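Notes to accompany the following structure.
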Amino acid sequence: DAGVIQSPRHEVTEMGQEVTLRCKPISGHNSLFWYRQTMMRGLELLIYFNNNVPIDDSGMPEDRFSAKMPNASFSTLKIQPSEPRDSAVYFCASSFGTSKETQYFGPGTRLLVL
Amino acid sequence: RKEVEQDPGPFNVPEGATVAFNCTYSNSASQSFFWYRQDCRKEPKLLMSVYSSGNEDGRFTAQLNRASQYISLLIRDSKLSDSATYLCLLSGGYQKVTFGTGTKLQVIP
């Protein structure tokens, strides 16, 4: 079975540009998580969906960040406009059930904003 | 106090040694506990869940101490391939999901 799929794997963009990260969770999983990882702050939860509904978005940094999950097999994380401080690795993870269950991570998207 | 705290290390241990990490937490409502392993420039991968009664998987033993609010991971007979960052994950309490910042382990030949 395919694991969590993320695209792109690497993204280099200039400050002010819009960035869209994509995630396909494991088939049958009904929870999806977006994380950001930096050396300084570690792994931070940005938003958590359950059955396509955002449950906890308290980690979304500011209005520049938005996430959608239009269906059970696809989610996007958008940054508009991007800033250099957004440079990080963004991971998507999915689980079967609620936030109490084991999460499986995608390979991540390495974002560099110049 | 941070929600989840881990000693960042690095823990430098010789091959064959036994090493233990702790992860302390402040949210007493946390319901599920996990240890993840993250290799350099890779995604976190589940190492093991942590059950109330403690659990063992080969050389790895995980324990939960609810009274003192911490979980632990013990690695026996360390291998070079155990070198990685070990992250604890707490979830379920009030729908909160929180990772620790990780403990780096370096096993030395």
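Order-wise, the sequence lines are chains A and B.
Numbering of the first sequence is given in my numbering, commencing with residue 211 and proceeding in unit increments.
Numbering of the second sequence is given in my numbering, commencing with residue 966 and proceeding in unit increments.
C-beta atoms are modelled at their ideal positions from N, C-alpha and C, and glycine is treated no differently.
As the structure is a computational prediction, the values presented were derived from the model and not from experiment.
- Interface annotation for the region 999-1013 of chain B against chain A: F999, Y1001, Q1003, R1006, K1007, E1008, P1009, K1010 and L1011, criterion Cβ-Cβ distance under 9 angstroms.
- Taking CB atoms only, D267/A has no neighbour in chain B less than 9 angstroms away.
- Here DSSP, grouped into helix, strand and coil, assigns P280/A to strand.
- The closest CA to that of L1052/B, considering only R1024/B, Y990/B, N1030/B and N1020/B, is found on Y990/B.
- The criterion of a C-beta distance shorter than 9 angstroms is satisfied by E293/A and R274/A.
- DSSP places I265/A inside the beta strand (DSSP E), whose first and last residues are V263 to D266.
- Here G269/A is actually not in contact with T1066/B; their C-beta atoms are around 15 angstroms apart, not less than 8 angstroms.
- Under the three-state reduction of DSSP output, D972/B falls in the coil class, being neither helix nor strand.
- A contact is defined here as three or more CB-CB pairs under 8 angstroms, and the region 979-994 of chain B fails this definition with respect to the region 274-290 of chain A.
- About 5 angstroms separates the beta carbons of C233/A and Q216/A, which is inside the 8 angstroms limit, making them a contact pair.
- Note that the region 307-324 of chain A touches the region 237-244 of chain A; at least 3 beta-carbon pairs, one per stretch, sit closer than 8 angstroms.
- In the three-state reduction of the DSSP assignment, D296/A falls in the helix class, which pools H, G and I.
- Below the 7 angstroms Cβ cutoff, chain A contributes K310 as neighbours of Q996/B, in chain order.
- Pairwise C-beta distances place the region 1014-1031 of chain B out of contact with the region 969-982 of chain B, as fewer than three of them are shorter than 8 angstroms.
- Within the region 1039-1063 of chain B, those residues whose Cβ lies closer than 8 angstroms to any Cβ of chain A are, in chain order, L1052, L1054, S1056, G1057, Q1060, K1061, V1062 and T1063.
- Spatial neighbours of S1048/B in its own chain (CB-CB distance under 7 angstroms, excluding positions within 5 residues in sequence) are listed in chain order as L1070, Q1071 and V1072.
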